[in-house]
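**Q** Protein chains in written order, with the numbering used here: chain F, 0 to 286; chain R, 793 to 1049; chain U, 12 to 280. My questions will all concern the structure given below.
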Amino acid sequence: MKENIIEFEKFEWQYGNNANFKILINDLKIKKGSFIGVIGPTGAGKTSFCYSIMGVIPHLQTGEMKGSVRIGGVETKNSSLSMLSRKVGLILQNPLSQMSGAGLNVEEEIAFGLENLGYPRSEMEKKIKEIIKLFELKEHAHRSPFELSGGQQQKVAIASVLVLEPDIIVLDEPTGYLDPLSTEIIFNLVKKLNKKGKTIIFVSHKFEYLNKLCDEILLMNEGSIVKKGSPEEIFTNIPLLKKNYLGIPEITSLFNRLKKAGKWNKEFTASVEKAEKYLKEEFPWMR
Amino acid sequence: MALMITNYVKKDSFIQKLNPISKILMIILVILSVIICNNLLVTLLFLINIFLLAFLGRISKEFVKGIIVTMTPIAIWFLIIHGIINPAGTTILFKIWFIPFRKEGLLFALNFGSKLITIVSYFYFFIISTYPGDVVSSFSKIGLPYKIGFLINSSLQMLPLMQRRAGKILEAQESRGLNIKGKLKDRFKAYVPLIIPLIIGSLMEAYERVLAIEIRGFSAKVKKTHYRETSFEKRDYVFVLVYLILSIILISRGKII
Amino acid sequence: MDEIIKVKNLEFSYSLEGTKVLKGISFSINKGEIVGIIGQNGSGKTTLVKHFNGLLKPIKGDVIINGKNTKEEEISELSKTTGYIFQNPDDQIFNNSILKEVSFGPKNLKFTKKRIKELVEKALKLTGLSAVKNKQPYDLPYNKRKLIAIASIISMDGEIIIFDEPTTGQDYLNREIVINIIKELKKKGKTIIVISHDMEFIAKICERAIVLKEGRILLDDSVQKVFMNKKVLESTKLKPPQITRLAQKFKRIYDGTLTVEEFFNQMYK
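Following this line, the structure appears as structure tokens:
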């Protein structure tokens, strides 16, 4: 059994400037090394959830916090953002605003966090070299981060937090602004990091990727986690998705259509690959 | 599309290798000498000197272009205004059409204008010959607050981004029928739809950027280190010493004269 | 059918010595068509559509909008015909109420007061913003601001409306709203051009798709036919919608299937 790396207990957060919005997470434990997808409509509290893991809530936001969030056993409210930056890395949607502007090229951009935490120069060089290799950023290492494409910038943003060696990486719709190719690259990169043991929290509207890559999905709405389950469990549950204003994967709709016509009474799937298998098994005439 | 990030021109020579602090010291010494000596010859000597340094730094093309573009209109303006209306002017030197140009005014313009151009040239030289990343590390090395260095450096980099954003806003508003040509009054009115999104957008991005740098330990209470090393080398001592001696001589002689 | 957009051997680059972003593009669009323009970032999609309202002018070739060559027209004139909805709403919102924001375009076009009022009200209704029209735009979240940007172009009543990435950053509900808006505009006979990476969205609203790669047209055909051309799609890293991909795994199902209903009907009818 793996240890819990993220623990929410009776957590409540009320923003100082918005009395109508409250985050409430009574009990949530996430195991080390898991890949968690987070879905929900706009305003569900997904970003606030990410902020609470990183410690941006309560350290950089005004409001009132109750209960606790523990990251690797450490209470976020008793720690500081700079301490937490060695445990959690946070990636935002807009790649451009994550470039600090501290350095003139990608290497120096990645160095920024290490400089802030006072790493000696020799160690910095080694770490930066490693991460540039892992992220295949070598050809861009001496270019300005501001002249890269959105997808490359997002890679640099991930490299820049990862270089501080956090165990957890939280990504808040990192592919929202990216094209399909860059989206694929980012999801694959994150999967690679997950295989190396990193715990991943990935907020996205791209259900197909989440379905393929995640161990578990958290469905959020109105500031709380409405449902936690396996991807297939969530993405084939039409009433649940509808109730929370979420789209229904086309494959799920197909199985629902078959069921309505009395042609299907087994479990659904939301994945193209499984659907092919299921249909070929059930309806040999389709092969 | 290549994006110009700051005005730094990447070249390899001892000028670029100099510590930014050395160049700042030189600029201070030059300004002091030019102002205290108040002598056209001294000013011109320093003006020639900076072109020479730009040549040594292999940035003379960019330097000359930048200086001519920015300083020519100022120089002409100075000569015309002072030549014509400076109250000190008595001796008419020449006339263009019926407008008289007076000697005293022109001399004043030459004296004052050359100082201005010289001083501006030194600053411009600093900007195009100094790697912005080095400013931060050299500042904090001599104990100046890191945050000031960071602020200078990152705002230099944000400028081109602002320009790019402004371009997008202009296109978006033109697509909504905004006319920026028209009369002066209309043109003034047309700025509102351009400026407001620029300010709001930049603020929103700045807010996000604060978050992005804070989660990378910006406010950590440890002594920061620097990936780019800047050190005060032998060449820095020599460079500063040369200018120190030169300005001491000039200033003391200037006083004697 | 009336040709409303005609592009002839269009070439464009941002600077004289720079590489060409558009390398000889020709096609035409008829009045009332809904056309999707797809391709990776940097393929020239936005550069192409910026020619339709004169923001960019060809360096070679011609773009004819509603019979007028864009080289001879000002943007302010062309914007009467072509409305361009930019990707980021925050690049344009500047008024302190949604109503004023949506009125800005038609006012610039010097319509009569009565017409402005009518057009603005219609645009607000279509985007579902009527109830909040007196609110500050920035009091609404980003995805609603995107609807404000849409309304502020629709209110200009152009014949052609361009949507640049209307579904980025949108959740399911807002995406449905955008789909609805486009369907309504289609009913009114508007010509619609959509740039999008969202293939399900393209499948739902477009009849025709143009695939761009590195400044050239790779494909220009019905959406079905485009999604069936696996080779070309793969080279641009675009993936057809889930249901289409599933259909392509079965011989009995048409490779250009776009909806669940079509899929089902082929199984049982």
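Glycine included, every Cβ here is placed at the ideal spot set by N, Cα and C. Quantities reported herein were computed from a predicted structural model and do not represent experimental measurements.
In chain order, what residues of the same chain lie with their CB nearer than 6 Å to the CB of R:H874, ignoring the 5 residues before and after it?
**A** The answer, listed in chain order, is G897, F900 and A901.
**Q** Tell me whether the beta-carbon of F:P173 lies closer than 7 Å to the beta-carbon of F:I90.
**A** Contact: yes.
**Q** Three-state secondary structure (DSSP) at F:K21?
**A** Residue state, collapsed to three classes: strand.
**Q** Looking at chain R, which residues of the stretch 86 to 104 of chain U have a Cβ within less than 7 Å of any of its Cβ atoms?
**A** If the cut-off is 7 Å between Cβ atoms, the stretch 86 to 104 of chain U has I86, S87, S90, Y95, F97, D101, D102, Q103 and I104 near chain R.
**Q** List, in order along the chain, the chain R residues whose C-beta lies closer than 9 Å to that of U:N64?
**A** Here the neighbours are E966 and S967.
**Q** Within 10 Å of its beta-carbon, does R:K803 have 16 or more other beta-carbons around it, so buried, or fewer, so exposed?
**A** R:K803 comes out exposed.
**Q** Give the DSSP-derived three-state secondary structure of F:F267 in the structure shown.
**A** Note: F:F267 maps to coil in three-state DSSP.
**Q** Taking only beta-carbon positions, decide if F:I216 is within less than 7 Å of chain U.
**A** Output row for F:I216: interface = no.
**Q** Assign U:R227 to one of three DSSP states: helix, strand, or coil.
**A** If DSSP states are grouped into helix, strand and coil, U:R227 belongs with the strands.
**Q** So, is the C-beta of R:E1025 closer than 7 Å to a C-beta in chain F?
**A** Taking Cβ atoms only, chain F never reaches closer than 7 Å to R:E1025, which makes this a no.
**Q** Mind checking the stretch 246 to 263 of chain U against chain F and listing, in chain order, the residues whose C-beta falls within less than 7 Å of any C-beta there?
**A** Flagged, chain order: K248, L249, K250, P252, Q253, I254, R256, L257, K260, F261 and R263.
**Q** Measuring alpha carbon to alpha carbon, tell me which residue in U:I161, U:L120 and U:P152 is nearest U:L137.
**A** Considering only alpha carbons, the answer is U:I161.
**Q** With three or more beta-carbon pairs closer than 8 Å as the criterion, would you say the stretch 969 to 985 of chain R touches the stretch 939 to 954 of chain R?
**A** These segments do not touch.
**Q** Using a Cβ-Cβ cutoff of 8 Å, what residues of the stretch 238 to 257 of chain F are near chain U? List them in chain order.
**A** Answer set for the stretch 238 to 257 of chain F: Y244, L245, G246, P248, E249, I250, S252, L253, R256 and L257.
**Q** If we ignore side chains and look at the alpha-carbon of each, how far apart do U:L269 and F:R256 end up?
**A** Distance between the alpha carbons of U:L269 and F:R256: 15 Å.
**Q** Quick check on DSSP: helix, strand or coil for F:E11?
**A** Strand at F:E11.
**Q** Just checking my contact of U:T93 with U:N64 at CB under 8 Å: how many whole Å lie between their CB atoms?
**A** Their Cβ separation, rounded to whole angstroms, is 4 Å, which keeps U:T93 and U:N64 in contact under 8 Å.
**Q** Distance cutoff 7 Å, beta carbons only. Does R:V927 sit that close to anything in chain F?
**A** It does not; no Cβ of chain F falls within 7 Å.
**Q** Just list the alpha helix (DSSP H) runs in the stretch 148 to 180 of chain F, keeping only unbroken ones of 4 residues or longer that don't cross its boundaries, in chain order.
**A** With a minimum length of 4 residues, the continuous alpha helix (DSSP H) runs that stay inside the stretch 148 to 180 of chain F are 149 to 161.
**Q** Compile a chain-ordered list of the residues in the stretch 111 to 123 of chain F whose CB is closer than 8 Å to at least one CB of chain R.
**A** Listed in sequence order: F111, G112, L113, E114, N115, L116, G117, Y118, P119, R120 and M123.
**Q** Whole angstroms are fine: how far does the CA of F:E221 sit from the CA of F:I70?
**A** For F:I70 and F:E221, the distance between alpha carbons rounds to 24 Å.
**Q** Kindly list, in the order they appear in chain U, the residues whose Cβ is closer than 8 Å to that of F:G175.
**A** Correct list: T179 and G180.
**Q** If you draw a straight line from the C-alpha of U:V189 to the C-alpha of U:L158, how long is it?
**A** Roughly 8 Å between the two C-alpha positions.
**Q** Using the rule of at least 16 other Cβ atoms within 10 Å of the residue's Cβ for burial, across every protein chain shown, is U:E14 buried or exposed?
**A** U:E14 should be labelled exposed.
**Q** Using a beta-carbon distance below 7 Å, is U:Y265 in contact with chain F?
**A** Output row for U:Y265: interface = no.
**Q** To the nearest angstrom, how far is it from the Cα of R:R956 to the Cα of F:Q13?
**A** Using only the alpha carbons, I get a separation of about 37 Å.
**Q** Check whether the stretch 199 to 208 of chain U and the stretch 27 to 35 of chain U are in contact - that is, three or more C-beta pairs closer than 8 Å.
**A** Contact between the stretch 199 to 208 of chain U and the stretch 27 to 35 of chain U is absent, because fewer than three Cβ pairs lie under 8 Å.
**Q** Closest to U:G78 by CA distance: which of U:T178, U:N99, U:I16 and U:S114 is it?
**A** Looking at the Cα atoms, U:I16 is the closest of the given residues.
**Q** Quick one: does F:S78 have its CB under 7 Å from some CB of chain R?
**A** It does not; no Cβ of chain R falls within 7 Å.
**Q** At which residues does the alpha helix (DSSP H) containing R:D926 begin and terminate?
**A** P924 to K933 is the extent of the alpha helix (DSSP H) around R:D926.
**Q** Does F:H204 pass the burial test, meaning 16 or more other C-beta atoms within 10 Å, or should it be called exposed?
**A** Per the 10 Å Cβ criterion, buried.
**Q** Which bits of chain U does R:E963 rub up against, with CB to CB less than 7 Å?
**A** Under the 7 Å cutoff, chain U gives L66.
**Q** In three-state terms, what does DSSP make of F:R142?
**A** Here F:R142 sits in coil by DSSP.
**Q** Taking buried to mean at least 16 other C-beta atoms within 10 Å of its own C-beta, is U:F212 buried or exposed?
**A** By the neighbour-count rule (16 or more Cβ atoms within 10 Å), U:F212 is buried.
**Q** Using 8 Å as the threshold, is the stretch 2 to 18 of chain F in touch with the stretch 59 to 73 of chain F, meaning 3 or more CB pairs across them?
**A** The stretch 2 to 18 of chain F vs the stretch 59 to 73 of chain F: in contact.
**Q** Measure the alpha-carbon distance for R:P879 versus R:F893 and round it to whole angstroms.
**A** Cα to Cα, the separation comes out at about 12 Å.
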